[in-house]
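Before any comments, here is the structure.
Chains as they are written, first to last, in our numbering: chain L, 1 to 361; chain G, 1 to 84.
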């Protein structure tokens with residue numbers, strides 16, 4: 001049955017009120033022009049690295065699934081996902097670069113998306129997806145935590161690649177190296193952003209037991225006294241370091257000023273009940289699923305498998321929470337500007353050739 | 001407001017958001033999934049929740065919003081919370 005209704009394509013007054021400002025109106029129209037509907041996919045169980053505290057391997061919710069589907073099966077699956085409304089796949093691993101045929105299957109269906117990679121294996125330059133290349137510090141820290149100079153290789157493989165953004169996971173083990181790494185990436189002409197190390201539940205349990213295990217590749221160095229976890233004083237120092245680097249390297253550092261401010265607040269970033277975040281959109285959103293390598297999924301799991309919600313400040317979940325709270329940012333122009341700056345920055349991290357002119361804050 | 005009128009108004013709001021976000025909007029059906037059938041991303045849905053809140057004088061929590069998957073769900077929500 002068709003209903004005949006007269007409609008006017010206008011914005012609701014509570015939003016339009018803040019768009020009298022020409023710059024905000026332009027940016028708002030820009031961010032709403034991208035129709036991004038995300039789901040996550042672990043393309044494989046395999047990885048060529050074993051990093052200390054790895055959220056994929058340091059837990060029981062992501063591993064142990066079949067990993068033998070061929071590329072045709074993956075392509076058919078991605079087509080069904082597209083039918084489900086998904087427009088932007090998050091392609092993760094363990095390490096998706098070890099299964100190039102599955103990446104190609106995704107590219108046969110989707111013309112945009114994001115690959116989370118460690119950057120040590122060249123991903124076909126023809127693939128349209130953005131690449132977030134994990135960074136864990138300078139060469140010495142890389143070698144200690146990841147088994148080799150990962151950043152050096154990634155910089156070599158992805159020099160001048162417009163898809164690449166280096167994603168520095170800041171931990172207690174590398175927070176003193178942030179400036180040096182940013183300078184190095186900037187010197188190579190690369191772009192860099194930041195993630196806060198967010199331990200898995202298992203990693204925290206092991207720390208509580210204070211039992212180092214040299215035979216466990218992802219928990220061979222940590223102890224209750226010396227580990228990767230950040231505390232509240234770290235958060236403030238990191239905030240100040242990032243704010244300074246955003247000023248010094250505006251072309252290279254892609255990070256939201258508002259997000260930086262929010263993450264520095266002490267205590268849990270999410271509301272927690274029974275150990276689980278109640279306001280994490282990744283967990284709550286019905287259209288988002290996190291698929292494992294056998295194409296099963298679990299609605300109770302987010303895209304950061306095994307993560308401890310009570311200490312989670314992972315950038316995927318963090319940005320998602322704040323972006324989903326648009327209606328909490330409508331009470332003033334400055335609040336709405338904050339939210340808009342955050343969303344605009346997130347899109348710079350996710351869209352190829354996204355315009356460089358950000359919102360002044 | 002009888003349910004049929006309510007449904008008509010909710011569908012008009014959904015269509016308004018679709019027309020605002022897309023060059024050519026589909027005529028939504030009451031049971032059409034906002035994401036899978038109508039392609040509404042999270043921002044388009046956030047705008048829709050603002051419209052519904054203002055139209056019917058309600059507050060939709062983020063948790064409630066995630067359960068509203070089609071216009072029919074929104075109508076049910078409005079009926080329940082307007083009379084509450």
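Backbone N, C-alpha and C fix where the C-beta goes; we use that ideal spot for every residue, glycine too.
Owing to the predicted nature of the structure, the values given are computational and were not obtained by experimental measurement.
Taking the beta strand (DSSP E) that residue i belongs to, which residues open and close that run?
i                     : result
residue 295 (chain L) : Counting along the chain, residue 295 (chain L) falls outside any beta strand (DSSP E), and DSSP gives it neither H nor E.
residue 169 (chain L) : 164-170
Provide the residue span of the alpha helix (DSSP H) that contains residue i, from first to last.
i                     : result
residue 10 (chain L)  : Taken as a continuous stretch (DSSP letters only), residue 10 (chain L) belongs to no alpha helix (DSSP H), as it is neither H nor E.
residue 130 (chain L) : That residue, residue 130 (chain L), is in no alpha helix (DSSP H); its beta strand (DSSP E) goes 130-135.
residue 74 (chain G)  : 71-82
residue 366 (chain L) : No answer is possible for residue 366 (chain L): the residues shown for chain L start at 1 and end at 361.
residue 114 (chain L) : No alpha helix (DSSP H) contains residue 114 (chain L), which is instead part of the beta strand (DSSP E) from 114-117.
residue 51 (chain G)  : 42-56
residue 8 (chain G)   : 3-21
residue 120 (chain L) : From DSSP, residue 120 (chain L) is part of no alpha helix (DSSP H); its letter is neither H nor E.
residue 259 (chain L) : 257-263
residue 355 (chain L) : From DSSP, residue 355 (chain L) is part of no alpha helix (DSSP H); its letter is neither H nor E.
residue 268 (chain L) : Premise fails: residue 268 (chain L) is in no alpha helix (DSSP H) and is neither H nor E.
residue 157 (chain L) : 150-157
residue 94 (chain L)  : Residue 94 (chain L) -> no alpha helix (DSSP H), and no H or E assigned at all.
residue 141 (chain L) : 139-146
residue 179 (chain L) : 178-187
residue 103 (chain L) : 100-107
residue 64 (chain G)  : 62-67
Since residue i and residue j are thought to touch, with beta carbons under 8 angstroms apart, how far apart are those beta carbons, to the nearest angstrom?
i                     : j                     : result
residue 68 (chain G)  : residue 17 (chain G)  : With a Cβ gap of about 13 angstroms, residue 68 (chain G) and residue 17 (chain G) do not count as contacting.
residue 91 (chain L)  : residue 114 (chain L) : 7 angstroms
residue 14 (chain L)  : residue 50 (chain G)  : 6 angstroms
residue 221 (chain L) : residue 341 (chain L) : That belief does not hold up - the Cβ atoms of residue 221 (chain L) and residue 341 (chain L) are roughly 38 angstroms apart, past 8 angstroms.
residue 109 (chain L) : residue 78 (chain L)  : 4 angstroms
residue 321 (chain L) : residue 280 (chain L) : 6 angstroms
residue 150 (chain L) : residue 138 (chain L) : That pair is no contact at about 11 angstroms.
residue 169 (chain L) : residue 197 (chain L) : 5 angstroms
residue 232 (chain L) : residue 266 (chain L) : 4 angstroms
residue 82 (chain G)  : residue 56 (chain G)  : 6 angstroms
Just to confirm, is the Cβ distance from residue i to residue j under 8 angstroms?
i                     : j                     : result
residue 174 (chain L) : residue 136 (chain L) : yes
residue 343 (chain L) : residue 31 (chain L)  : yes
residue 204 (chain L) : residue 308 (chain L) : yes
residue 185 (chain L) : residue 192 (chain L) : yes
residue 303 (chain L) : residue 272 (chain L) : no
residue 74 (chain L)  : residue 105 (chain L) : yes
residue 56 (chain L)  : residue 250 (chain L) : no
residue 162 (chain L) : residue 124 (chain L) : no
residue 133 (chain L) : residue 152 (chain L) : no
residue 239 (chain L) : residue 39 (chain L)  : no
residue 44 (chain G)  : residue 12 (chain G)  : no
residue 119 (chain L) : residue 159 (chain L) : no
residue 33 (chain G)  : residue 324 (chain L) : no
residue 284 (chain L) : residue 66 (chain G)  : yes
residue 234 (chain L) : residue 172 (chain L) : yes
residue 311 (chain L) : residue 199 (chain L) : yes
residue 84 (chain L)  : residue 43 (chain L)  : no
residue 7 (chain G)   : residue 30 (chain G)  : yes
residue 219 (chain L) : residue 22 (chain L)  : no
residue 258 (chain L) : residue 246 (chain L) : no
residue 10 (chain G)  : residue 74 (chain G)  : yes
residue 72 (chain G)  : residue 12 (chain L)  : no
Self-check item: Runs of beta strand (DSSP E) wholly within the region 24-87 of chain L (minimum 3 residues, chain order)
Solution: 38-42
Quiz item: Quick one: any contact between the region 340-357 of chain L and the region 221-232 of chain L, if contact means 3 or more CB pairs under 8 angstroms?
Solution: no
Self-check item: beta strand (DSSP E) runs wholly inside the region 193-243 of chain L, at least 3 long, in chain order
Solution: none
Exercise. For the region 282-340 of chain L, list the beta strand (DSSP E) runs that are entirely contained and at least 3 residues long, ordered along the chain.
Key: none
Quiz prompt | Cβ contact (3+ pairs, closer than 8 angstroms) linking the region 91-107 of chain L and the region 313-328 of chain L | solution = no
Quiz item: Quick one: any contact between the region 66-82 of chain L and the region 280-297 of chain L, if contact means 3 or more CB pairs under 8 angstroms?
Solution: yes
Self-check item: Cβ pair count under 8 angstroms reaching 3, the region 42-55 of chain L against the region 76-90 of chain L
Solution: no
Exercise. Specify whether the region 19-37 of chain L and the region 38-47 of chain G touch according to this definition: at least 3 beta carbon pairs, one from each stretch, less than 8 angstroms apart.
Key: yes
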